[in-house]
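Numbering-wise, our numbering comes out as the position in the sequence shown, counting from 1, plus 2.
Glycine residues also receive a C-beta, built at the ideal position from the N, C-alpha and C atoms.
Bear in mind the structure is a predicted one, so any value in this text is a computation, not a measurement.
Structure, as structure tokens:
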Amino acid sequence: MAPDHDRPPGVDGRTGLSDLLRAYRRTAGLTQAELASRAGIGVRTVRDLERGRSARPQRTTVELLTGALDLAGPALAEFTAAARGAAPARSAPAPPEGLAAGPSWHPPPPVGAGPSSAAHSAGTPIALPPPVELIGRERDVAELVELLTAGHGPPVVSLVGLAGVGKTALALAVAHAVAGRAPGGAAGVLVGEGSDAADVLSAVAAVFGGARPPDLAVRLAGRQALLLIDAVERAPDAVAEALHRLARAVPTLRILVTGRHPVGVPGERVWPVPPLDVPPPELDPAEPDVLAGYPAVALFTARLARVRREPPDPAELPALAALARRLGGLPLAIELMAARGRILDLNELLDRYGDRVLDLATSPLPAPGPGWAASEPGGAVGGAPVTLRDAVAASYRLLAPDERAALRRLSAFRNRWSVELAEEMLADDADPDGTVSVDPVPLLDRLLQLGLLSVRGVGPFRFRLLDAVREFAAEQAIGAGELSVVRRRHADVFARLVARTVVELAGSQLTSAVRRLDEAAGDITAALAHAAVDDPVTALRLAAGLARWWRFRGRNVLGRQWLRRLLADPRTADADPMLRAWAVLGVARLAAEHGAAEQELPAARGAWAVFHRVGDVTGELEARTVLGALLVATDAHDEAREQALAVLSLATRHKRVRDMAVAQNNLAWHETRLGDLAGARRRLAAVDRLAAQCGERRLRVLARANLAEVSRLEGRYADAVAQGRRVLAGVAELGDPGHRRRALGTVGLALAQDGRPDEATEVLSGLRSCVAGDATLGAGPAGVRSVLGWDACGRGGEARVEEAACALIEANIALHRGDRDLAAEWFAAAVDAGAGGRHRRDVVEALVGLAASVGDAEVFDRLDRVCRESGISLLPREVAQLAPLRSASGHDLGRCGAAER
């Protein structure tokens, strides 16, 4: 900043050397430091000449200055004469720096003067560049305007943030909005390199129409006014001193400043400027209108429209969302990337630059020039390209060495994280377990004030480094030789998080525990990938704890592959046998979900032996429960029932109430398989009682869902509908999409069988929408839970089970309407959808319906085979339904006869 000299022109009206030098420098668009550099002289020389401290410079200095300023003709003669002390003609005044020189700028009128070209539409004097288009900052603008116009608002508001985040644009929008409500007007100055407090104060006085700083209080005369000071990081000490003096001299002056860090004056309100919101990954693929609602996408699209005519087509939308995320919502990065859309389409941009965001650079400009547009990197400085890496590096250099080291550690986080995780990540290397607490809050506050950290939401996982900052810090960690150590620490931190959380995955806190792991999913994946290479034992510890979460989220194949890979790694062969046993159980549980149960049975038996040998009751209960699931999947139903009975006995002996409830739920499935619905009902009553005793709400909801299914199988359709609808309300609160689909299937089928086709059709539509929505968003254990089968321990089913449920509902609706041929087609579709799955009860019901519709001997043979393999007995009503056909065809139902109870 080079404000007008505080001496008035001479009494003869002539302008001295100091005024001429300042005027020509500003016309050339140079700061004092830039002019000194171009002329090859010291910046103090320029400063002394502009202040009049050196009235007769040496001839060589004059020649260097005129050459640097490209003076010629009358201008050269005028300047040379002034330097010799001759009387030059008075030159036109130059605009205060910070306002672009040229025809668009006009000196601000005196406060209280009539409207002019520089007057605000409301008549308030304003000396500011015009505002630029803002996207996604509406809330910031509204809140800042209110803050700056409130009667008891802070005297100084600092907009802080990373270079390129849009501080200046936001400040200009706010200043223009405030101008109409500030009787004293609004004006702004841009800080230049090498400025001191006197420079700042002189510039402030000038933009408000005063000749000297003391004039400012007189001109405002107690009226509220707004001053915008941009780029304070160029001379922070000078600005701080000037603000102290302004606060004392002009208390009605509100000041809005922008910079990469706070000024540090009393009463300052720090306002971090975050990047723009970006679409989350789960929105891919998203509709154009949905994507356009995210400011980062809207800005990208608006800037893209400047370089190409066609809007993004549907094939480019996933790349558009991905680019917005990779750029971290940083306006500078978005502008730079969108500019390349003149040559490349969005998919090409993502392929070429998606992993090189920090290398994005501006195009060189032919000449440097100060101004509001250059106050943040968005153009080149001195003709040299400015990269996004340069912008981040400028803020990184503001950190102390220990703060930089901490930032390099925090760069290991891939997504949002909590204060507690940061505390563990920053623990002293000599104290990896964190026995000595290191409070990370001051550091996080410092990073937030510098705009390096984003804080969004209200939950624990609300902190995130900006993407560009994280990548830059990771580069610095590589340069410092710390990357391997940082990654090991990161994997250990998340292994401990999983270990703390896994115990809640089998209790009343399941929903919140799953949500916690969902929020950390990106970091868990990264930690697992890095630890598998550098520290496989930690990776095995991490993966063993994830088995339940993988199963709940339908990632059975992926989880099993990870666990098998780590168990096969020679470096884990000597790991704790208990750890390996838990990992083996994880493999076995996940194998039961996708048809590989038989392969894992021997290993699961071995894991049970390990737990039994050391007397680990928790491990033994889990092993027997997993063995039961594997045995059901391999049609060894009698042995599976024995395992459930053993679990019940062991849990009862050790007073493990939740495990007792799980065992009773599994045994209820077996009672239903054997056709003992009364026994199943008694078991489910016990589940409800035990789950209430241990506070396991989810298990109670599951038991009631199973009870609704028992009521349906008993032919008590109205009861099944009422019970199922109550369950739907419960699962909605739990946020469990799998059980919601299951309850919908029970209700829909009961309605169809009760002769209420219109209601059944409505439920069927909801079921299909639910399945489609879950598949699209990836919510919950997508496509792996049985709607009609028993999910005793939260186990999944096959991907086509929902299709079987829908087909069964359609078939019963067709039967009610008298269309037996259509019903037969839907029953056959249900059989095909459930073929090869574990939930054979669904297939049996479909085969019974198909046999009753067509009376085909092949259908009877298939029904007999399924019953024999699965150990399922037909219910009395099913036997009665088939009896006339059996008599007519002479077919022996064999194993399909009703259970004798």
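In the DSSP assignment, find the unbroken alpha helix (DSSP H) run with glycine 190 in it and report its ends. Annotation for glycine 190: no alpha helix (DSSP H) segment contains it, though the beta strand (DSSP E) segment containing it runs 188-192.
Mind the definition here: the segment 447-464 touches the segment 491-500 only if three or more C-beta pairs lie below 8 angstroms; say whether that holds. No, the segment 447-464 is not in contact with the segment 491-500.
Buried or exposed, going by whether 16 or more other CB atoms sit within 10 Å of the CB of serine 651? By the neighbour-count rule (16 or more Cβ atoms within 10 Å), serine 651 is not buried but exposed.
Could you check whether the segment 692-704 touches the segment 715-726, counting it as contact only if at least three pairs of C-beta atoms, one from each stretch, sit closer than 8 angstroms? Of all C-beta pairs linking the segment 692-704 to the segment 715-726, fewer than three are shorter than 8 angstroms, placing the two stretches out of contact.
Under a Cβ-count criterion, where at least 16 other Cβ atoms within 10 Å of its own Cβ denotes burial, should glutamine 755 be classed as buried or exposed? By the C-beta density criterion, glutamine 755 is buried, having at least 16 other C-beta atoms within 10 angstroms.
Between the CA atoms of proline 462 and leucine 519 - distance to the nearest angstrom: Straight-line spacing of the CA atoms in leucine 519 and proline 462 works out to 12 angstroms.
Less than 6 angstroms between C-beta atoms, sequence neighbours within five positions excluded: which residues of the same chain meet that for arginine 550? Closer than 6 angstroms at the Cβ level, and outside the excluded window around arginine 550, lie Leu507.
Measuring CB to CB, does proline 314 end up less than 8 angstroms from threonine 303? For the 8 angstroms CB-CB criterion, proline 314 and threonine 303 form a contact.
Would you say cysteine 696 and valine 659 are within 8 angstroms of each other, going by their C-beta atoms? Closer than 8 angstroms, so yes.
DSSP puts proline 274 in a beta bridge; with which residues? Val162.
Start and end residues, alpha helix (DSSP H) containing aspartate 291: Annotation: the continuous alpha helix (DSSP H) that includes aspartate 291 extends over 290-294.
Rounded straight-line distance, which links the Cα of alanine 854 to that of leucine 884: Straight-line Cα distance between these residues: approximately 6 angstroms.
Which of helix, strand or coil DSSP assigns to threonine 170: DSSP places threonine 170 in the helix class (H, G or I) of the three-state scheme.
I'd like to know whether the C-beta atoms of leucine 218 and alanine 207 end up nearer to each other than 8 angstroms. Their beta carbons are under 8 angstroms apart, which means leucine 218 touches alanine 207 by this criterion.
Between the C-alpha atoms of valine 559 and threonine 636, what's the straight-line distance to the nearest angstrom? So the two alpha carbons sit approximately 18 angstroms from each other.
Three CB pairs or more closer than 8 angstroms across the segment 233-248 and the segment 273-289: Judged by Cβ distances under 8 angstroms, the segment 233-248 makes no contact with the segment 273-289, as fewer than three pairs qualify.
Name the DSSP bridge partner or partners of alanine 363? DSSP output for alanine 363 lists Thr389 as bridge partner(s).
Length of the line joining the Cα atoms of leucine 887 and glycine 857: Going from the Cα of leucine 887 to the Cα of glycine 857 covers about 6 angstroms.
Give me the residue from Pro442, Leu172, Arg416, Arg582 with the minimum Cα distance to glycine 524. With distances taken between Cα atoms, glycine 524 lies closest to Arg416.
N- and C-terminal bounds of the beta strand (DSSP E) containing glycine 261: Where glycine 261 is concerned, the enclosing beta strand (DSSP E) stretches over 255-261.
Which of the three DSSP states, helix, strand or coil, is assigned to valine 252? Coil at valine 252, not helix or strand.
Taking the Cβ atom as the reference point for each residue, do alanine 188 and leucine 228 lie within a distance shorter than 8 angstroms? Remark: C-beta atoms of alanine 188 and leucine 228 approach each other more closely than 8 angstroms.
Neighbour-count burial assignment, histidine 532, 16 or more Cβ in a 10 Å radius: Classification for histidine 532: buried.
Run through the DSSP bridge pairs and tell me what alanine 227 is partnered with. Note: alanine 227 is bridge-paired with Leu255 in the DSSP secondary-structure output.
Which same chain residues, not among the five before or five after leucine 174, have their C-beta less than 6 angstroms away from its C-beta? These residues qualify, in order along the chain: Pro133.
From this set, Ser767, Arg562, His596, which residue's C-alpha is nearest alanine 585's C-alpha? Distances from the alpha-carbon of alanine 585 to those of Ser767, Arg562, His596 put Arg562 closest.
At what residues does the beta strand (DSSP E) containing serine 456 begin and finish? 455-457 is the extent of the beta strand (DSSP E) around serine 456.
Which residues bound the beta strand (DSSP E) around arginine 466? Residues 465-467.
Please determine, among Arg573, Leu569, Gly597, Ala575, the residue with the shortest C-alpha to C-alpha distance to leucine 587. Out of Arg573, Leu569, Gly597, Ala575, Leu569 has the C-alpha closest to the C-alpha of leucine 587.
Quick one: give me the first and last residue of the alpha helix (DSSP H) that aspartate 834 is part of. Segment 822-836, the alpha helix (DSSP H) holding aspartate 834.
Could you tell me whether the segment 57-75 touches the segment 18-37, using the rule of 3 or more Cβ pairs below 8 angstroms? Result yes; three or more Cβ-Cβ pairs closer than 8 angstroms.
Near leucine 565, which residues of its chain fall below 6 angstroms by C-beta distance, leaving aside the five closest residues on each side in sequence? Counting only residues of its own chain and dropping the five nearest sequence neighbours on each side, leucine 565 has a CB closer than 6 angstroms to the CB of Ala545, Ala585, Gly588, Val589.
Rounded separation between valine 280 and glycine 717 - CA only: Looking at the two C-alpha atoms, the distance is approximately 52 angstroms.
Would the beta-carbon of glutamate 195 fall within 8 angstroms of that of threonine 33? Taking 8 angstroms as the Cβ cut-off, glutamate 195 and threonine 33 qualify as a contacting pair.
Work out the CA separation of alanine 734 and leucine 769 for me, nearest whole Å. Taking the straight line from one Cα to the other gives about 14 angstroms.
Spatially closest choice to arginine 843 from Leu753, Asp760, Val180, Leu676, by CA coordinates: The candidate whose alpha carbon is nearest that of arginine 843 is Leu676.
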